[in-house]
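In terms of numbering that gives the first Met the number 0, the sequence shown opens at residue 0 and continues consecutively. Just below is one structure, and these are the notes that go with it.
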Amino acid sequence: MERSAGRSRRRRRRSRSVLGGTLAVATAAALTVTGLVSTAQAADVNNAKNAGFESGLANWTCSGGSGAAVSSPVRSGTSALKATPAGQDNAKCSQSVKVKPNSTYKLSSWVQGGYAYLGASGTGTTDVSTWTPGSSSWTKLSTSFTTGANTTSVTVYTHGWYGQAAYFADDIEVTGPDGGGGEEPGPVIPAAPAGLTAGATTTSSVALSWNAVSGATGYKVYRNGAQATTSTGTSATVTGLTADTAYEFSVSATNAAGESVKSAAISARTAKEGTGPGPGPAVPKHAVTGYWQNFNNGAAVQKLTDVPADYDIIAVSFADATPTPGQVTFNLDTAGLNGYTDAQFRADIKTKQAQGKNVIISIGGELGTVRVNNDASATAFANSVYALMQDYGFNGVDIDLENGLNATYMTKALRQLSAKAGSGLVITMAPQTIDMQSTSGEYFKTALNIKDILTVVNMQYYNSGSMLGCDGKVYSQGSVDFLTALACIQLEGGLDPSQVGIGVPASTRGAGSGYVAPSIVNAALDCLTKGTSCGSFKPSKTYPSLRGAMTWSTNWDATAGFAWSKAVGPHVRSLP
């Protein structure tokens, strides 16, 4: 779904060769006699401000609200730029940089993700740019320009390409003579956090909170002296603990300059066995699933209670990986969510459940790095997800691993989780279209392996291009045929119709490509359940118990005035 080493801000000095021996002495003496001794040349600097996005988008302007500072992936420091193009917007982010006339500057940036462009305009001579069609790892773009006789500022920019995947940029440099702005001073190591306290405990977790530290961009949480997890806010939950056991906790503050000393330690004891959550509300026969964003990427920021009643399953996006393979935790992005506190979030889960809604924790996303590929990681996954269910009251889990999935061990992990949580467990999946083209795919195999405990597979019918339908014909995304002919593969491949849902973006900005109007979603639902409103593809039979639809995300839906949920929600409830 569309989610190190500190940067040095010291000025770099050019090395200067030293002439040795008699020649050096003689030359220096001659220069002194003739009055030709010159002052040292000023050092080149990086003239870009906030070049590593450590201060969010300060000094940068991004078109259409397309940009955001993110904590992963980063090349160095703790932040990088993520900019997401739309159909009519190439996600251009720019900055006015002070320069000196008649001077040469080197322009560079590290990028990854989708199409990425780097350039400079207003140079007074020849404007320059360079680009890459995309990369799964950090790639350096470089060019250079010379300013005109009267040029004192240039516009430096990055952008992607219309409707394509998001791009990431970090460590942007405009290296040359100081144009008057110069480089900002580097951050200093923050002070140790104060006010560390323990909150809610379960048999396997302890919730912690502390006071914010000025200048900190993150925090490290320690359990019995060893790092247990990290957080970008002032709270965290340490999971994977043993029931009825005392632990010692401390926390430190971090930024690009380094890590503070640890706070004063506190002790907390986990709960005794027998305090786990009970079963949640029953999922309706026809249901709408929406992903709720635990981050700010330009979509409307929401509390859980802002999610409309049209959504039956709310998938909280996303859990975070820990250093232990397979293990996950959850850190509420309080800062990014405008001060939404952990206590409010927990209370809002209970409120939505009291309204008959299921709130689940989603694992993965576009940038998710959770790996479950052996017995140990499968157990760590099951234990940590169950701990989050106990701690927050989540009703289940969503599997949205877009960077690979091992059917053997994910099956083991989900069966272990089911054994712990019981029959009320909600399990949803959100594979990409390519993952469900064949029953031999790892995602499809996993779904079939857990068919007896699986709630619904909401495949992502977007960012896909063209794919094969169940009739062997090629269909292009964005049409009712694409939705129905690809759903048919799952329906005829072994899943029960009640385990199949249609996943689409809530708005044109919700994905790189593949947006369809709500009317197209409703037509596809009617085609599959009633045999009406079909396109050129018409399934050989109907599937009245089809589960429903999913969207990424409730936040993008809110940004578009809830046009998606207002149209699709009532239609899903009206299905046979």
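All C-beta atoms, glycine included, are put in the ideal place defined by N, C-alpha and C.
- Counting every other CB atom within 10 Å of its CB across the protein chains shown gives Lys81 a total of 16 or more, marking it as buried.
- A buried status is given to Glu172, since no fewer than 16 other beta-carbon atoms sit within 10 Å of its beta-carbon.
- If you look at His285, you'll find it isn't in any alpha helix (DSSP H); DSSP assigns it neither H nor E.
- In terms of Cβ geometry, Thr228 and Thr253 do not form a close pair [threshold 8 Å].
- Going by beta carbons, Gly239 and Ser203 fall inside the 8 Å limit.
- According to the DSSP assignment, Gln226 belongs to no alpha helix (DSSP H) but to the beta strand (DSSP E) extending over 225-230.
- A Cβ-Cβ distance of about 6 Å is found for the pair Gly118 and Val127, placing them in contact under the 8 Å criterion.
- One alpha carbon belongs to Gly162, the other to Gly133, and they sit about 14 Å apart.
- Under a 10 Å Cβ-count criterion, Asp305 is classified as exposed, with fewer than 16 other Cβ atoms of the shown protein chains found around its own Cβ.
- Across the set Leu303, Val205, Thr83, the C-alpha of Val205 shows the shortest separation from the C-alpha of Gln389.
- Of Ala68, Pro324, Tyr116, the smallest CA-CA separation from Tyr156 is found for Tyr116.
- For Phe248, the enclosing beta strand (DSSP E) starts and ends at 245-254.
- DSSP assignment within the segment 301-371 yields the following whole alpha helix (DSSP H) runs of 4 residues or more, N-terminal first: 341-353.
- Secondary structure within the segment 428-493: the beta strand (DSSP E) runs of 3 or more consecutive residues, fully enclosed, are 455-459, 465-467, 473-475 (chain order).
- Take the alpha-carbon of Ser512 and the one of Ala225: they are about 43 Å apart.
- Between Ala67 and Asn296 a beta carbon distance of about 5 Å is seen, short of the 8 Å cut, so the two are scored as contacting.
- Taken atom to atom, the span from the alpha-carbon of Asn373 to that of Lys450 is near 21 Å.
- A distance below 7 Å between beta-carbons, with the five flanking residues on each side excluded, links Asp319 to the following residues of its chain, in chain order: Val327, Thr328, Phe329, Asn330.
- Apart from sequence neighbours up to five positions away, the residues of its chain that approach Gly86 with a beta-carbon distance below 7 Å are Tyr161, Gly162, Thr507, ordered along the chain.
- Under the three-state reduction of DSSP output, Met0 falls in the coil class, being neither helix nor strand.
- Residue range 265-268 is occupied by the beta strand (DSSP E) that includes Ser266.
- The residues Trp109, Trp137, Asp169, Asp170, in chain order, have a CB closer than 6 Å to that of Arg74 in the same chain once the five nearest residues on each side in sequence are set aside.
- If only complete runs of 3 or more residues are kept, the segment 495-544 shows the beta strand (DSSP E) at 499-504, in order along the chain.
- Excluding its 5 nearest sequence neighbours in each direction, Thr323 has C-beta neighbours in its own chain below 6 Å: Ala379, listed in chain order.
- If you compare the alpha carbons of Gln476, Thr236, Ala346, Gly175 with that of Ala516, the shortest gap goes to Gln476.
- Exposure of Gly464 is indicated by the presence of fewer than 16 other C-beta atoms within 10 angstroms of its C-beta.
- The beta carbon of Tyr408 lies closer than 8 Å to those of Val371, Asn372, Asn373, Asp374, Ser376, Ala377 in the same chain, with the five residues before and after it left out.
- If you draw a straight line from the Cα of Asp480 to the Cα of Gly423, it is about 35 Å long.
- Using a Cβ distance threshold of 8 Å, Thr445 and Thr483 do not count as a contacting pair.
- Your pair Gly509 and Ser552 checks out as a contact, with CB atoms roughly 6 Å apart and the cut at 8 Å.
- By the CB criterion at 8 Å, Gln498 and Val455 fall inside the cutoff.
- Here the segment 191-201 makes no contact with the segment 288-302; the two share fewer than three CB pairs at distances below 8 Å.
- As computed with DSSP, Tyr104 is found in a beta bridge with Phe144.
- Across the set Lys48, Met0, Pro575, Phe561, the C-alpha of Phe561 shows the shortest separation from the C-alpha of Ala308.
- One Cα belongs to Gly471, the other to Asn448, and the distance between them is close to 25 Å.
- Approximately 22 Å separates the beta-carbon atoms of Thr432 and Ile359; this is outside 8 Å, ruling out the contact.
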